[in-house]
Ligand code: GDP
Ligand code: IMO
Ligand code: MG
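This is the structure:
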C-alpha cells in the first residue's frame with residue numbers, strides 16, 4: 001500500500017515538516033508531481049532547511065527518496081539543492097533515485113514562463129517563474145525532454161531543437177525579456193552533470209517491486225488541492241494534478257493500492273500568487289497571522305496572503321482526495337485571537353451554498369462565518385494532547401464534525417518536535 005500526504009489548501013500547509021516527522025515509519029518517500037515551484041521547510045536540531053525537488057525524507061537514514069515520473073526537474077536548481085545538502089554528509093547516491101520518465105525543465109522553459117506572465121500583465125497567475133507551466137505543456141504536447149534521454153548520446157541535439165523552438169516562441173510574446181542563453185546553458189550543463197551522478201530508475205517498476213516486498217511507501221504531495229490543474233481555482237493554479245489521483249499517474253501506483261490519505265491544512269488559510277481567496281483578510285487580523293506565522297513564500301520570499309479557515313474549500317478538498325486523516329498545522333499562530341472565524345458557507349447569487357461554485361472570484365462570493373472562541377495559551381512548548389487549551393479542543397471537535405474526518409496531528413511550531421499526536 002502507498003500512503004499519501006497532500007496539502008488541502010493553496011500550498012505551504014507544512015507538508016515538508018510532517019513528511020520529515022513521519023519518515024521514521026516509512027521505507028520510501030516519493031514525490032509525484034510539481035517541481036521546484038515547491039518549497040518544503042524542515043526544522044530540527046536548530047537547523048532550518050528548504051527543499052524544492054528532493055523529497056522531505058532525505059534527512060533520515062532509514063528511507064530511500066524517489067523523484068517520480070510526474071515531477072519536473074530543473075537540473076540547475078537540483079544541483080543547488082544537492083550543494084546545500086553537502087554539509088549534512090548524506091549518502092545521496094544510495095538514498096535518492098530519479099525516475100527516467102520525469103521531465104526536464106530547460107532554461108528556455110523558465111524564460112517562456114516569464115514571457116507568458118509578462119504578456120498577461122495584471123491577469124498574471126503569479127507563477128513562481130520556475131518554468132513549471134511550459135515544461136508540463138511540452139510534456140502533454142509530446143515534445144518534452146526526459147531524464148532518461150540523458151542516457152543517450154543524442155540528447156544535446158534534441159535539446160537544441162527544443163530550445164530553438166522556445167526562443168522563437170519567446171519572440172511571439174512580444175515582451176521585453178532579457179537573457180543570456182549561453183550563460184544559462186552553461187549552468188544547465190553543470191546541473192545535468194550533477195544529475196547524471198545519481199541513479200536513474202524506472203520508478204513505477206521500483207515502486208511496484210517495493211510494494212511486493214511489503215515496503216512502506218509515503219507519497220509526498222507538492223502545492224495544494226486548490227492549485228490542482230483540474231480541481232483548483234483555474235486558471236490561477238499550477239500545471240499538475242496535486243490531488244490524490246496525481247499520485248497514481250505520477251508514480252504508477254494503482255488506485256486500489258492507495259492506503260491512508262493524510263490531508264494537511266493550516267488552522268487558517270494562506271495563498272501566495274494571484275487568484276480568488278474568499279476568506280482573505282485585509283485587516284489587522286490578517287496582518288497578525290502573516291507576522292506571527294512568518295508567512296513568506298519558501299521559494300520566492302513573497303508575502304503570503306492570509307485569511308480565516310475556509311471550510312467550504314476544505315470540505316471540497318477532503319472530498320476530492322478521499323482524506324482519511326487530517327493534520328492541522330500552525331495552531332500556535334492563532335493563540336491570542338479573542339475569537340476566530342470559520343467560513344461555513346458562501347453567499348453566491350443571492351443564495352447560501354456549501355460547495356465550491358465554478359467561479360469563486362471574490363466579487364461573486366461573500367463568506368458566511370461562524371465565530372468561535374479563541375485561546376490565549378502559548379502552544380509552542382506543548383507536547384501532549386491533554387495540554388491543549390479547551391477552546392482549541394472545541395475548535396478541533398467542530399472541524400472534525402464538519403469534515404467527518406479525525407484530526408490526528410496538531411502542529412504547534414515549525415520544529416519536528418513541536419508536533420502533537422492525538
Ligand atoms: P510546505 O510547502 O507545505 O512544505 O510548507 P512551507 O514549508 O512552504 O511553509 C510552512 C511554513 O510554516 C514553514 O516555514 C514551516 O517551518 C512553518 N511551520 C510548519 N508547521 C508549523 C507550525 O505548526 N507552527 C508554525 N509557527 N510554523 C510552522
Ligand atoms: P508548496 O509545495 C504555494 C502557486 C504560485 C502561483 C501558482 C502557479 O511549497 O506548497 P507555478 O510556479 O506552479 O506556475 O505557480 O501556484 N504555487 C505555490 N503556492 N506553495 C507551493 O508549493 C506552490 N507552487 C506553486 O504562487 O500562484
Ligand atoms: Mg511551500
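Residue numbers (this note's numbering): 1 to 422. Where a beta carbon is used, it is the ideal one built from N, C-alpha and C, also for glycine.
Closer than 7 Å: residue i CB and nearest the ligand IMO heavy atom
i, result
"residue 12", "yes"
"residue 152", "no"
"residue 54", "no"
"residue 37", "yes"
"residue 201", "no"
"residue 265", "no"
Contact test: residue i Cβ vs the ligand MG heavy atom, cutoff 7 Å
i, result
"residue 232", "no"
"residue 49", "no"
"residue 40", "yes"
As assigned by DSSP and simplified to three states, the class of residue i
i, result
"residue 34", "strand"
"residue 250", "helix"
"residue 160", "helix"
"residue 272", "coil"
"residue 303", "strand"
"residue 382", "coil"
"residue 216", "coil"
"residue 318", "helix"
"residue 367", "strand"
"residue 13", "coil"
"residue 345", "strand"
"residue 199", "strand"
"residue 280", "strand"
Length of the line joining the Cα atoms of residue i and residue j
i, j, result
"residue 51", "residue 299", "9 Å"
"residue 189", "residue 127", "25 Å"
"residue 49", "residue 79", "15 Å"
"residue 28", "residue 92", "14 Å"
"residue 199", "residue 271", "35 Å"
"residue 160", "residue 107", "12 Å"
"residue 136", "residue 336", "43 Å"
"residue 307", "residue 205", "43 Å"
"residue 267", "residue 283", "18 Å"
"residue 119", "residue 174", "8 Å"
"residue 423", "residue 22", "Given a span of 1 to 422 for the chain in the structure shown, any question on residue 423 remains unanswerable."
"residue 278", "residue 364", "9 Å"
"residue 402", "residue 352", "17 Å"
"residue 275", "residue 203", "34 Å"
The ligand GDP heavy atom lying under 7 Å from the CB of residue i
i, result
"residue 276", "no"
"residue 411", "yes"
"residue 298", "yes"
"residue 347", "no"
Short CB-CB distance (under 8 Å) between residue i and chain D
i, result
"residue 300", "The structure shown contains no chain D; it is built from a single protein chain."
Would you say the stretch 387-396 touches the stretch 344-358, given that touching needs at least three Cβ pairs under 8 Å? no
Is the stretch 193-205 in contact with the stretch 217-233, if contact means three or more CB pairs nearer than 8 Å? no
Inter-stretch contact at 8 Å, needing at least 3 Cβ pairs: the stretch 18-35 / the stretch 231-250: yes
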